[in-house]
Amino acid sequence: MSRILETINSPADVKKLTIPELSALAEEIRERLIVGVAKTGGHIGPNLGVVELTLAMHFVFDTPVDSFVFDVSHQAYVHKLLTGREKLFHTIRQPNGLNGFMLRTESEHDCYGAGHAGTALSAALGMAVARDLAGGTEHIVALAGDAAFTNGISFEALNNIAAQTRRMIIVLNDNAWSIDKNVGAISEYFHKIVTNTTYNSLHDKAAGLIERIGGKAVRHMARKAEEAAKGLIGPGMLFEEFGLSYFGPIDGHNLPLLIETFKFLKTQNKPVILHAITQKGRGFRPALEKQKKFHGLGPYDAETGETKSAGQKTYSEIFAETLTKLATGNEKVVAITAAMPNGTALDLFRPHHPSRYFDVGIAEEHAVIFAAGMATKGYKPFCAIYSTFLQRAFDPIVHDVCLQNLPVVFCMDRGGLSGDDGPTHHGLFDISYLRGIPNIVHMVPKDEDELADMMYTAMLHEGPSAIRYPRGTGPGVAVKEKPVALEIGKAEVIADGSDVAVFGLGAMLPEAMRLAEMLRLEGFSTAVVNPRFAKPIDKTCVAEFGSRCRLLITLEDHVLAGGFGSAVMETLNELDLHVPVVRVGWPDAFIEHGKVDALRTKYGLTAEAALLKARPHLARMMEQVLAKHF
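Okay, here's the thing in structure tokens:
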């Protein structure tokens, strides 16, 4: 029973509670998270780990006057529950419901929305400097997961914080995980702090601080639990060198200690960092036992944690299995991920070729340049990064890979709409941001087997290439034993026709085929084309149908601005062909979260909507036919 949680309508209600009541509320919140997210899916593991941290922050600070910046904001579910959204929590990640991340338009308590890691410190510093310029007194608190510190942006911010602001609070939420186990020197550094025997008991200086702010009883409790703000100098030297005062590590689940520590940090007129040790998935055994799985997932059984099988392999799994086979036959093939081995399914590749698997942490820019370096030595790097995250590495793609014409393969998972994750994760821009770059080949498969063929084609190609494929499962086409190389820039004609030509790119090919059937039933001879390549576009194919047909229709799971349809129009213009083109794709807007089919219907990415859009052109075609006969 959520008896206390039901009384929380704003952070002001949190401040009225006693410590025992706060502890009871923490357990109610965990139960609410486990049961609620079981129905909707979402980031359950990270949120179970920040319950006490979030409660303590809201007990001590005052949002929306004070600002909380979460990194990444998928760990803001508890914050949402405490800021007037408890009664709407059952709608999280559902159509027209709460967003799975912080969203400025959703609540005045959401000061900054972001779905990519590494942004909190820079954004919080910007807020702090703006406050200083305006003469404000409010507090700026950045709650950043430890994995965010593997991101270069975080270090760019650390380099500036002490020089730019007099007061800012950083909370390092250290649970040793991003989605998979954290990797690299920073992770090792945090681990050494936590396990350093020199600081395994309460530092005398820290003990004195705790006694002054909380009394001898609090000092005794902190010493007994070995979880006070210890090691004010030694363990945090990295942060001290950046000009931040380091406090910790402390137990991120000890509410009394967190509250007293935050009260103390409020008094500091200098940038500070609090290192809190938390347990991802705390309070839910399945999430503790399978931390990778329960970082973020679909609906599950709230008792057992069991999930329903998809019934067939996902595009990600097909990608990983194909890459494993390619690497078996070619010792120069290597796999690179930016902290997403599970999301990209490269965890299936890793056991087969561990020496050729590289997880560089949440550092997409580094991943791309790292891949470029390997390519200069004759290797074939397959860089698996979500379409939405590859945006962060645009300059390295241009400057380091394409300019040097290096054979790096960008495997862009979640190419297209990403459903429940919403606008921060939709991969709707990669054709636009890649096809203007010289040397790159951009491929889009219609099914699982064609994905394997494209990966083989990319392996053989001597320059840079990119492959975008959707989230989840595809049509279920069996993958043949040996992939075949595709002719670069050659489309596949599925059906011929002379009146209308429908180009269905990738996942939109089934809608293109449905549209073609509708047109045939109305008497129009309709061709269907599987373009395969967004760049280079098949000019011969476009020329043929642009000359023969009186209408071209393009369908793509991508924004219209600069997308595949734009490429068709540019090609027609170059060929001096003046056939009309109806383009079907996403509008010039950020698309909200929701179910893919529902959003496609809402925004007109269906055969029915395409037919309606083509009606004026079809009517003119019929008029011309009638005029010839009468």
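In my numbering, the protein residues as written are -11 to 618.
All C-beta atoms in this analysis are idealised placements derived from N, C-alpha and C, irrespective of residue type, glycine included.
Could you give the first and the last residue of the continuous beta strand (DSSP E) run that contains residue i?
i	result
residue 399	397 to 400
residue 496	That residue, residue 496, is in no beta strand (DSSP E); it is neither H nor E in DSSP.
residue 541	539 to 547
residue 591	Unbroken run through residue 591 is the alpha helix (DSSP H), 584 to 591; no beta strand (DSSP E).
residue 482	480 to 483
residue 139	Residue 139 -> no beta strand (DSSP E), and no H or E assigned at all.
residue 249	Here residue 249 belongs to no beta strand (DSSP E); instead the alpha helix (DSSP H) covers 243 to 254.
residue 516	514 to 518
Could you tell me the distance, in whole angstroms, from the CA atom of residue i to the CA atom of residue j?
i	j	result
residue 393	residue 316	25 Å
residue 125	residue 86	31 Å
residue 450	residue 395	5 Å
residue 514	residue 434	19 Å
residue 528	residue 389	28 Å
residue 266	residue 37	6 Å
residue 346	residue 70	40 Å
residue 427	residue 151	42 Å
residue 63	residue 90	9 Å
residue 341	residue 521	30 Å
residue 20	residue 290	10 Å
residue 51	residue 398	41 Å
residue 482	residue 373	30 Å
residue 384	residue 322	19 Å
residue 590	residue 29	23 Å
residue 355	residue 149	26 Å
Terminal residues of the continuous alpha helix (DSSP H) containing residue i?
i	result
residue 66	65 to 70
residue -1	-1 to 3
residue 228	225 to 229
residue 302	Neither: residue 302 is in no alpha helix (DSSP H) and is coded neither H nor E.
residue 559	552 to 562
residue 567	Per DSSP, residue 567 belongs to no alpha helix (DSSP H) and is neither H nor E.
residue 111	108 to 122
What three-state label does DSSP hand residue i in the structure shown?
i	result
residue 426	coil
residue 605	helix
residue 365	coil
residue 456	strand
residue 414	coil
residue 308	helix
residue 340	coil
residue 327	coil
residue 131	strand
residue 62	helix
residue 264	strand
residue 463	coil
residue 277	helix
residue 371	strand
residue 238	strand
residue 573	strand
residue 447	helix
residue 297	coil
residue 95	coil
residue 233	strand
residue 472	coil
residue 6	coil
residue 75	helix
Pull up the DSSP beta-bridge partners for residue i, would you.
i	result
residue 30	285
residue 523	430
residue 156	259
residue 50	For residue 50, which the question treats as bridged, DSSP gives no partner whatsoever.
residue 404	415
residue 162	265
residue 57	130
residue 347	325
residue 491	517 and 542
Would residue i pass as an interface residue toward chain C - the criterion being a Cβ-Cβ separation below 8 Å?
i	result
residue 127	You won't find chain C in this structure, because it holds only one protein chain.
Please confirm if the stretch 370 to 379 is in contact with the stretch 392 to 405, defined as three or more CB-CB distances below 8 Å between the two stretches. yes
Do the stretch 116 to 132 and the stretch 70 to 84 make contact, defined as three or more Cβ pairs closer than 8 Å? no
Pairs of beta-carbons, one from the stretch 47 to 65 and one from the stretch 99 to 108, closer than 8 Å: are there three or more? yes
With contact counted as at least three CB pairs below 8 Å, one residue from each stretch, are the stretch 275 to 283 and the stretch 246 to 262 in contact? Segments in contact, no.
Pairs of beta-carbons, one from the stretch 435 to 447 and one from the stretch 302 to 310, closer than 8 Å: are there three or more? yes
On the three-pair Cβ rule with 8 Å, is the stretch 451 to 468 touching the stretch 502 to 511? no
I want to know whether the stretch 30 to 48 touches the stretch -1 to 12 - three or more CB-CB distances under 8 Å. yes
Give a yes or no on contact between the stretch 483 to 493 and the stretch 541 to 561, applying the rule of three or more CB pairs nearer than 8 Å. Yes, the stretch 483 to 493 is in contact with the stretch 541 to 561.
Hey, is the stretch 88 to 103 in contact with the stretch 132 to 142, meaning 3+ C-beta pairs nearer than 8 Å? Inter-segment contact for the stretch 88 to 103 and the stretch 132 to 142 is absent: fewer than three beta-carbon pairs are separated by less than 8 Å.
Counting pairs of Cβ atoms below 8 Å between the stretch 575 to 583 and the stretch 410 to 421, do you hit three or more? yes
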